[in-house]
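**Q** The listed protein sequences correspond, in order, to chains H and Z.
Quick note on numbering: the first sequence equals residues 5 to 214 in this note's numbering.
Quick note on numbering: the second sequence equals residues 187 to 318 in this note's numbering.
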Amino acid sequence: MKYGLIVLCISLVFLGCTQEEELPIYGNRDYVKKEVNGKTVVDTVFHKIPPFSFTNQDSLVITEALFKDKLYISDFFFTSCPTICPKVKAQMLRIYEKYADNPNVLLISHSIDTKYDTPAVLKKFADKLDIDSKRWHLVTGTKDDIYGIAKQYFIAAAEDPNSPGGYTHSGGLVLIDKRKHVRGVYDGTEPDEVTTLLKDMDRVLAKQFK
Amino acid sequence: MIRFQLITLLMFMLLLVFMQCDTNPYKQGLALYEQNCQNCHQEDGKAVRGLIPPLAGSDYLLNSGQVACIIRHGLEGDILVNGKRYNHKMPENKKLTATQITNIINYINHAWGNDLPYIPYNIIDEALKECE
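As structure tokens, this is what we get:
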């Protein structure tokens, strides 16, 4: 009897652990006061990806409107990158292939080499990878816009003449939900982290796209 | 005295058993591959579909002299691998010595189910001199 109680207590503790926590929302949050029915309530405003405008491999203008009500993955690269990019692209292909039949999932790769990577160069790169430009956008834009949006995704990117290829950047893959909140940043050079990303994508999809 | 000999023999046998555990004979090749090749050709040797040619099951590996030259000097332009055309610039690796390139090639030739001949140092060294 005594032992039964102990076993029960222990199993309760373990049961408590199995509940999955929700994915966090990244970034600073603001607290805005507003009046609701004469009472002051504090509203939390989360970090959101702001509007953007870039050009993709088909020379089409791509804005945030295209990603409305979609879950998407964002990363930064350049086509002549001799270091981590091919590794990250191989992982992006994993994501691209897993969600081939899911119209709610999109990918966007921003080139940080805005001088060399014209839409024509991006088109050639996309053709080699044999990817559908409706699902995976390779984009270019002005230097300020690209480096500006990188910060919004919490990705470090910079020109650096001392780095191989002339640029330095992180190989992070960013998970953005349908409310444009960043829900996770994963190391795209680590296949295990991308496995976690795939699981997290499934969680967000199950929650937001029922 | 006999006991001492027996113990020595036993230790020796144990040492042999442990040495058997070291199954990968291409350790340096693997380490060099991880440092110099893996970013693009990947851990599984399958590289990046359509963009960078695979090393796993690649018919191009039959010409090890050519492979050695590409490792050292990089490659620009078309390359045909398993009947598929690839065109993506590969960087040069001027720091790698002939011995290191030999080790990389022998690792690749025996990794991921590849079953290609062992290539001795002098063959690679000569090939590298040809493509200087």
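Think of the CB as a built atom: it goes at the ideal place given N, C-alpha and C, for glycine as much as any other residue.
Being a predicted model, the structure only gives us computed values, none of them experimental.
#1: Excluding the five sequence neighbours on either side, which residues of its own chain have a C-beta within less than 6 Å of the C-beta of Phe215/H, listed in chain order?
#2: Classify Lys119/H as buried or exposed, calling it buried when 16 or more other Cβ atoms lie within 10 Å of its own Cβ.
#3: Jot down the residue ranges of each uninterrupted alpha helix (DSSP H) in the region 237–281 of chain Z, minimum 4 residues, whole runs only, in chain order.
#4: State the DSSP-derived secondary structure class of Gly188/H, mapped to helix, strand or coil.
#5: Is there at least one Cβ from chain H nearer than 8 Å to Pro282/Z's Cβ?
#6: Measure the alpha-carbon distance for Glu346/Z versus Ile77/H and round it to whole angstroms.
#7: I'd like to know whether the C-beta of Ala161/H is nearer than 8 Å to at least one C-beta of chain Z.
#8: Tell me whether Phe158/H sits in a helix, a strand or coil according to DSSP, three-state version.
#9: Leaving out five residues before and five after Arg258/Z in sequence, what residues of the same chain have Cβ atoms less than 7 Å from its Cβ?
#10: Take Thr4/H and list the residues in its own chain whose beta-carbon comes closer than 6 Å to its own, dropping the five residues that flank it on each side.
#11: Establish whether the CB of Thr87/H and some CB of chain Z are separated by less than 8 Å.
#12: Taking CB distances under 8 Å as the criterion, tell me whether Asn210/Z reaches chain H.
#13: Can you tell me where the beta strand (DSSP E) holding His141/H begins and where it ends?
#14: Terminal residues of the continuous alpha helix (DSSP H) containing Ile290/Z?
#15: Measuring only the C-alpha atoms, how far is Lys178/H from Phe158/H?
#16: I'd like the span of the beta strand (DSSP E) that includes Thr200/H, first residue to last.
#17: Given a limit of 9 Å on CB to CB distance, which residues of the region 231–244 of chain Z reach chain H?
#18: Determine the chain Z residues that contact Leu201/H at a beta-carbon separation under 9 Å, and present them in chain order.
#19: Using a cut-off of 7 Å between C-beta atoms, extract the partners of Lys270/Z located in chain H.
#20: Does any residue of chain H bring its CB to less than 8 Å from the CB of Cys317/Z?
#21: Between Asp148/H and chain Z, is the shortest Cβ-Cβ distance under 8 Å, so that the two count as touching?
#22: Output the distance between the C-alpha atoms of Asn60/H and Glu25/H, rounded to the nearest integer angstrom.
#23: Taking Cβ-Cβ distances below 7 Å as the criterion, which residues of the region 95–110 of chain H are in contact with chain Z?
#24: Around the Cβ of Tyr100/H, are there at least 16 other Cβ atoms within 10 angstroms (buried) or fewer (exposed)?
#25: I'd like the list of long-range same chain contacts for Tyr212/Z, defined as Cβ closer than 8 Å, with 5 residues on each side in sequence excluded.
#26: Could you check if Asp181/H is buried or exposed, using at least 16 other CB atoms within 10 Å of its CB as the buried criterion?
#27: Would a check of beta-carbon distances place Leu177/H closer than 8 Å to chain Z?
#28: Grab me the residues of Phe71/H's own chain with a C-beta within less than 7 Å of its C-beta, minus the 5 sequence neighbours each way, in chain order.
#29: Please determine, among Phe213/H, Gly170/H, Gln156/H, Asn166/H, the residue with the shortest C-alpha to C-alpha distance to Gly188/H.
**A** The answer reads as follows:
#1: Outside the modelled stretch of chain H, which goes from 5 to 214, sits residue 215/H, for which no answer is possible.
#2: Counted from its first residue, the first sequence places residue 119/H at position 115. Exposed: under 16 other Cβ atoms inside 10 Å.
#3: 250–259
#4: Residue mapping note: residue 188/H aligns to position 184 of the first sequence, counting from 1. Note: Gly188/H maps to strand in three-state DSSP.
#5: Taking the first residue of the second sequence as position 1, residue 282/Z is located at position 96. The sequence shown places Leu at residue 282/Z, not Pro. By this cut-off, Leu282/Z is not an interface position.
#6: Given that chain Z is displayed from residue 187 to residue 318, the structure contains no residue 346/Z and the question cannot be resolved.
#7: Reading the first sequence from its first residue, position 157 is the one you call residue 161/H. By this cut-off, Ala161/H is not an interface position.
#8: For this step, residue 158/H is matched to residue 154 along the first sequence. Residue state, collapsed to three classes: coil.
#9: Working through the second sequence from its first residue, we reach residue 258/Z at position 72. So the qualifying residues of the chain are Glu278, Asn279, Lys280, Leu282, Ile287, Leu314.
#10: Nothing can be reported for residue 4/H: it is not among the residues displayed for chain H, which extend from 5 to 214.
#11: Your numbering for residue 87/H matches position 83 in the first sequence. Answer yes: the Cβ-Cβ gap between Thr87/H and chain Z drops below 8 Å somewhere.
#12: On the second sequence, residue 210/Z is found 24 positions in, with the first residue counted as 1. No, Asn210/Z does not count as interfacial toward chain H.
#13: Residue numbering aside, residue 141/H sits at position 137 when the first sequence is read from its first letter. His141/H -> beta strand (DSSP E) spans 140–143.
#14: In the second sequence, counting from the first residue as 1, residue 290/Z sits at position 104. That run of the alpha helix (DSSP H) goes 284–295.
#15: In the first sequence, residue 178/H corresponds to position 174, counting from 1. In the first sequence, residue 158/H corresponds to position 154, counting from 1. Going by the sequence as given, residue 178/H is Val instead of Lys. C-alpha separation (whole angstroms): 8 Å.
#16: Within the first sequence, the letter at position 196 stands for residue 200/H. Looking at the DSSP string, Thr200/H is not in any beta strand (DSSP E); the run it does join, the alpha helix (DSSP H), is 195–212.
#17: Lys232, Ala233, Val234, Arg235, Gly236, Leu237, Ile238
#18: On the first sequence, position 197 is the one that residue 201/H refers to. What Leu201/H touches in chain Z: nothing, since even the nearest Cβ is about 18 Å away.
#19: For this step, residue 270/Z is matched to residue 84 along the second sequence. Chain H residues near Lys270/Z: none, gap ~11 Å exceeds 7 Å.
#20: Working through the second sequence from its first residue, we reach residue 317/Z at position 131. So no, Cys317/Z is outside the interface.
#21: Taking the first residue of the first sequence as 1, we reach residue 148/H at position 144. Not closer than 8 Å to any Cβ of chain Z, the Cβ of Asp148/H fails to qualify, so no.
#22: Taking the first residue of the first sequence as 1, we reach residue 60/H at position 56. Taking the first residue of the first sequence as 1, we reach residue 25/H at position 21. One C-alpha to the other measures close to 36 Å.
#23: Leu97
#24: Mapped onto the first sequence, residue 100/H falls at position 96. Buried: at least 16 other Cβ atoms inside 10 Å.
#25: The residue you call residue 212/Z lines up with position 26 of the second sequence. Same-chain partners within the cutoff: Asn289, Asn292, Tyr293, His296, Ala297.
#26: On the first sequence, residue 181/H is found 177 positions in, with the first residue counted as 1. With 16 or more other Cβ atoms within 10 Å, it is buried.
#27: As a working note, residue 177/H is residue 173 in the first sequence. It does not: the Cβ of Leu177/H has no partner Cβ on chain Z nearer than 8 Å.
#28: Locating residue 71/H in the first sequence gives position 67, counting from the first residue. Counting only Cβ-Cβ distances below 7 Å, and skipping sequence neighbours, we find Leu110.
#29: What you label residue 188/H is simply residue 184 of the first sequence in a count that begins at 1. Taking only the C-alpha atoms, the option nearest Gly188/H is Gln156/H.
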